[in-house]
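**Student:** Just so we're aligned, residue 1196 is where the sequence shown starts under my numbering, counting upward by one.
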Amino acid sequence: MIQKSSKGLTEAQLCALFTKYHREMVGRGPQEIRCHLSAGRIQIDLQGVLTKEEKNMFFFDQKGKLIQEIRQKLYQHFRYGLESDIRAVVGMPIQFLRFDIDPLSERIRVTYTTP
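Put into structure tokens, the structure is as follows:
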């Protein structure tokens, strides 16, 4: 996968990339972001992701289903450009594995696999 000496730099580049895309999608970046690279897996965790409107919407939709649906559609819209940029950073093909959002804890986790 990625050489150990460049792992930290690659993780930082991926965090910056996801912050940029998150700002484009919803108008602001996450409060916290972490990236973890391991054998064959890229995992990005974003914390503090809900906008003020989404927080207010959560009062009407306690399980956050509407917020989840909207965010998944937004992610799908931006997905191919984002994945192309991720491939450029890691220098190898990636495969989308999972996108999870938990409105209650204001977390998003995106996972990719690499060959």
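For glycine and all other residues, C-beta sits at the position ideal for the given N, C-alpha and C.
Computed from a predicted structure; not experimentally measured.
In this structure, does DSSP put residue 1304 in helix, strand or coil?
**Tutor:** Strand, per DSSP.
**Student:** Indicate whether residue 1228 and residue 1214 have their beta-carbon atoms separated by less than 9 angstroms.
**Tutor:** For residue 1228 and residue 1214, yes; Cβs fall inside 9 angstroms.
**Student:** In the DSSP output, what is residue 1233 paired with across the bridge?
**Tutor:** DSSP output for residue 1233 lists 1236 as bridge partner(s).
**Student:** Who does residue 1297 pair with in a DSSP beta bridge?
**Tutor:** Answer is 1302.
**Student:** Check whether the segment 1300 to 1310 and the segment 1228 to 1241 are in contact - that is, three or more C-beta pairs closer than 8 angstroms.
**Tutor:** The segment 1300 to 1310 vs the segment 1228 to 1241: in contact.
**Student:** Spatial neighbours of residue 1201 within its chain, please: CB distance less than 6 angstroms, with the 5 preceding and 5 following residues excluded, ordered by chain position.
**Tutor:** So no residue of the chain qualifies.
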